[in-house]
Structure formats: C-alpha cells, structure tokens
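So the sequence shown is numbered by this note's numbering: it starts at 35 and just counts up by one. All C-beta atoms in this analysis are idealised placements derived from N, C-alpha and C, irrespective of residue type, glycine included. Just so we're clear, the structure is a prediction, and the values are computed from it rather than from any experiment.
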Amino acid sequence: MKTIKYYLFTLLILALLLSACAPQATETSQPVAPTEAEIDQPVAETEAPEAETITVIFPKHEAEWADVYEPRIKQFEAETGIKVVLIQSDWDSVADKIIPEMASGGSAYDVVEFDNGWVNEWCGAGWTTPLNDYMPEGYTDGMIPGLVDLFTCPDGTLHGVVWNNDTRFFYYNAAKLSEAGFEAPPATWDELVTQSQAAVDAGVVEYGMDPYWNQEWSLMNEFHFWTYVFGGEVADKQGCFLFNEDPNTLAGLEFAINLLNNGIANPAGLTYDQATAQNLFLSGNSLFFPQGISGLMALANDESASSVAGEIKIGLVPSGGKSLTLPEAFAIPANSQHKEAAWKFIEYMTSIESNVVIAKQIGLLPIWVDLYTDPELTALYPHWAGFYAQLDNVRGLSTLTWYGDFVDIGQAEIHKALAGEQTAQQALDNMAAGLSEFKCVP
C-alpha cells in the first residue's frame, strides 16, 4: 500500500514539474473568434500595381525583311515591366500621324520618330524634351559624333538618339560590270554613263540604274544627293535658299533628268519606291545603285532574297561626291506623360547590346564606334570596313525650320522636271516662287 501511495505521489510531482516547464501561451497567440459583422464583410483582394504603358511610333526600317524590332521590344517589356503600344508603318504614313500631333501639343505618343530633316523646326518650336535630364552623364560617349551633333539643339541639349543610322552607299554589280568589260567601278559620273551604256548595249543589264523617284518625301532625299554630288547648295548658313540660283544644283538635277532621257535610268523609276528599285537591283536588272541602305549588302548575299549573291560590291561615290546620311532618332514629345519610362525605352533600344542584336539580323549600321571593329560583327560583315571609311565623307539633309514646306512644294516640281513636263530651271524657279516667304528664314 505504501508503495502504491509513493508511486502516485511521484507521478503527481512529475506532472507538476512538466507543467512548469511547458511554454506559456501569450495573449496574441490565442485565436480570436470573428464577430458577425466581420463574418459578413467581403474579403478584399490584393491587386497588383498596373504596369506603366507607353505609346511608341516609328517607321519600319528599310532593311526590316526580318521581324527584329518587335521581338526586341517584347524583351524590353519582360525586363522592365513597362508595356509598349507599338505603332509602325511606312515612313510617310508615320510622318502624317506625328507632325499634326506634335504641332498641336498633343500627348498621344511617348516616343516618336525624329527625322533629321525636322531638327531645326522641332528645336525651334520646343516640341521635344531635352534628354540630358534623363540620360546618364557621358551616355553618348562612344557614339558616332556626327549623329549626336545632328540631334543636338542650338542650346546644346540632346533631343534625339539615333535608332536608324541610315547612311547611304554606292553599290555596283561587279560581276556584270566585268562582263561588260570593266574591272573597276566608275570614278566619275561620265564613266558611270559610259559603263552603263556599254552594259545595256551588250545585253548584260536592262538599265544602268533603277531609280526610286516616285513623288513622295524620299524624292527630296534624292534631290539633295544629286545637288551635293555636283557641289551644289540648297541654302546658305543663314537659311537663304540658293537652289534656284546655284549652277551646281542645276547641273545635278539636269544630270538626273539626262539619265532618264538617254536610257541609263529606268523611266518606270518615276513610280518606284525604294523597296521596288532595290528589288530590281537584286534581281540583276541594273548595274548601279548609287544610294543604297547599309543593310543592302546583307540582303544581296542572301540567296533566298537575291539573284546576285556574291556579285555586289561597295564603291566610292563618283567624282569624290559625298554619301547622303539620313539618320532617324527617337525623341520624347514635350507633353509626354511618361518621360522616365520613355527614356528607358530609348536607352534600351539604342544600347550597344541592341545594336549588336539587330545588326546580326538585318545588318543595321551601328551608332557605336567600337562596333565597327567588333570581331564577331566584322566577321559577319567584312564590308563594314568600306562603310566606316566613308562615314567621315557624308552629309545630311538641309537643316531648315521650313523643311516640310520645302518637301511638299519641291517633290511636285522636281517630279514634273524628271517626267519631262518642265525644265530643271523651271522646276527650281517654281520651287523658289512657292517658298518665297522663307527666302532667308533659317
């Protein structure tokens, strides 16, 4: 009996000790029963913050035979969380959307196409945002200086970063030129005529060149080219136009007209856009392409798109003429509501990495100097050495605040002259009459 009592007593003591060692519940650890009001209350859903969205508008790249920009933009969206509404079309259609929106002070777009012909007008009107407020210090170090300078406004602030280094180059079909009896491309414009005529007479090609002289904005690019290569001037540094008084400008336009008259240039070129003329050159229809895009060489060597793979070479513009450069930049409209996000887009799309990615796909000419000696890219595009050698001998469009008026009036008058409806001098005089209010407006 004593043993049983002792045993029970021992168990009691042990239970008390274990109870003392157990963790004590705190007030907050006790479950609290909800009230009826709380039970009836709907459960609030936690919503993720809405992604910032920007609207971007720029034209299709001339060499965009492969879809390269949209995938790159989707990568930007994935990496930044910023959504992009992309609007792309041909250059003229994009310009028709952008210019009225900018002129009215609208805010429909956050990143826009900024063409080199618009720089003076847009800077003067205050339509764009200085990018210096957003880009890191020294961001443009390493870019081709001329491209940076071109989109820098008179106050020294940068308003555009180039996405399309659209410098043009002189191309020729070396195989067909050799077949016609010539081993070197023309050193002068007279030689271009002689070589073209010989190749046509021998049945090697149908025409010396297939121009793209349709009545549209790009026709005034062509007018600049022929003006420059013959040493002419559109306007002086004060903005006073010279084109109707300058004998060299007249000579350039007359030479273009004579190319049609003597059968060197395809007369159907009066209705061709750039893509049509380019395709004819790549089919072997013509001998020369005096103002081709940088990506043309990559396309020429693509047997799925070209009949002249391995035949095309790059030469210097005859008679020491300058190549035309037509770069296009990204800019942020002054009234954009998403400027920080817009800058992130510009920075991403014009970065060295993006330049490399797009160059590999369509031969995009870089804006970064070091990429012209990048081993991977130069192995892919050995002809870039020829491009780079000419980049110091290029010239852009006239910097006029009234450039839009110049194009609207000029393309109609120049086209009439090319079509034989008036002389070159009449075309230039009619342009001057239509632009008389801008005679000395920079």
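Assuming residue i is part of the alpha helix (DSSP H), what are its boundary residues?
i, result
"W377", "373-383"
"Q460", "458-468"
Tell me which residues share the same chain as residue i and place their Cβ nearer than 6 Å to its Cβ, disregarding the 5 neighbours each side in the sequence.
i, result
"I380", "V195, F364"
"M254", "V441, G444, Q445"
"L353", "Inspection of the sequence shows that residue 353 is occupied by Ser rather than by Leu. T222, W223."
"E265", "It is Gly, not Glu, that sits at residue 265 in the sequence shown. Cβ within range, chain order: N282."
"Y103", "none"
"L431", "N150, G151, H258"
"Q312", "none"
"Q109", "none"
What did DSSP end up calling residue i once you bin it into helix, strand or coil?
i, result
"Y306", "coil"
"E267", "coil"
"T228", "helix"
"Y241", "strand"
"A59", "Caution is warranted here: a pLDDT of 38 is assigned to A59, below 50, making its placement in the model unreliable, and the coordinate value is therefore given only provisionally. DSSP places A59 in coil when its eight states are reduced to three."
"L358", "strand"
"F277", "coil"
"D167", "helix"
"K347", "strand"
"F364", "strand"
"A290", "helix"
"A332", "helix"
"A218", "coil"
"A339", "coil"
"A285", "helix"
"A311", "helix"
"A299", "strand"
"M35", "Any answer about M35 is weak, because its pLDDT of 41 lies below 50 and its placement is not dependable; what the coordinates show is given next. Here M35 sits in coil by DSSP."
Using the rule of at least 16 other Cβ atoms within 10 Å of the residue's Cβ for burial, across every protein chain shown, is residue i buried or exposed?
i, result
"T222", "exposed"
"N464", "buried"
"G5", "An answer regarding residue 5 cannot be provided, because it is not within the stretch 35 to 476 covered by the chain."
"G138", "According to the sequence shown, residue 138 is Ser rather than Gly. The residue in question, S138, is exposed, as its Cβ has fewer than 16 Cβ neighbours within 10 Å."
"N207", "buried"
"T163", "buried"
"C274", "exposed"
"S338", "exposed"
"G303", "buried"
"T261", "buried"
"A423", "exposed"
"G349", "buried"
"V118", "buried"
"P134", "exposed"
"T359", "buried"
"Q272", "exposed"
Residues in the same chain with beta-carbon distance under 8 Å from residue i, minus the five sequence neighbours each way, listed in chain order, please.
i, result
"H372", "E86, T87, I88, D144"
"W377", "L165, Y168, M169, I366"
"A451", "L287, I291, T457, A458, Q460, A461"
"L405", "I386, N389, V390, A393, L411"
"E362", "F92, P93, E147, F148, D149, N150, V196, W197, N198, D200"
"T384", "V195, V196, W197, F364, I401"
"S320", "N207, V239, E240, Y241, G242, M243, D244, N300, L314"
"T305", "N248"
"Y479", "Nothing can be reported for residue 479: it is not among the residues displayed for the chain, which extend from 35 to 476."
"V403", "G176, M177, I178"
"G215", "A232, A236"
"L284", "G266, A458, Q459, L462"
Leaving out the 5 sequence neighbours to the left and right, which residues in its chain are closer than 7 Å to residue i when beta-carbon positions are compared?
i, result
"D126", "E250, W251"
"G397", "A97, S328, G329, M331, A332, Y415"
"L399", "N199, T201, S328, F421"
"S340", "L316, L333, A334"
"V153", "L184, F185, T433"
"A368", "G160, W161, T162, T163"
"V182", "T174, L192"
"D439", "L469, F472"
"V128", "I91, F92, P93, E147"
"A209", "E345"
Please report the residue range of the beta strand (DSSP E) in which residue i lies.
i, result
"N207", "203-207"
"L321", "320-326"
Examine chain D for any beta-carbon lying closer than 8 Å to the beta-carbon of residue i, and answer yes or no.
i, result
"T359", "Checking the listed chains, one finds no chain D in this structure; it contains a single protein chain."
Run the proximity test for residue i: is its beta-carbon closer than 7 Å to any non-hydrogen atom belonging to the ligand NAP?
i, result
"S127", "By its list of ligands, the structure shown contains no ligand whatsoever, and the ligand NAP lies outside what it can speak to."
Residue ranges of each beta strand (DSSP E) run of no fewer than 3 residues wholly in the region 170-199, ordered along the chain?
-> 195-198
Which full runs of the alpha helix (DSSP H) of 4+ residues lie inside the region 376-455, going along the chain?
-> Counting only runs of 4 or more, we get 386-396, 409-414, 418-424, 437-452.
Mind listing, in chain order, the continuous beta strand (DSSP E) runs of no fewer than 3 residues lying wholly within the region 77-165?
-> 87-91, 117-121, 145-149
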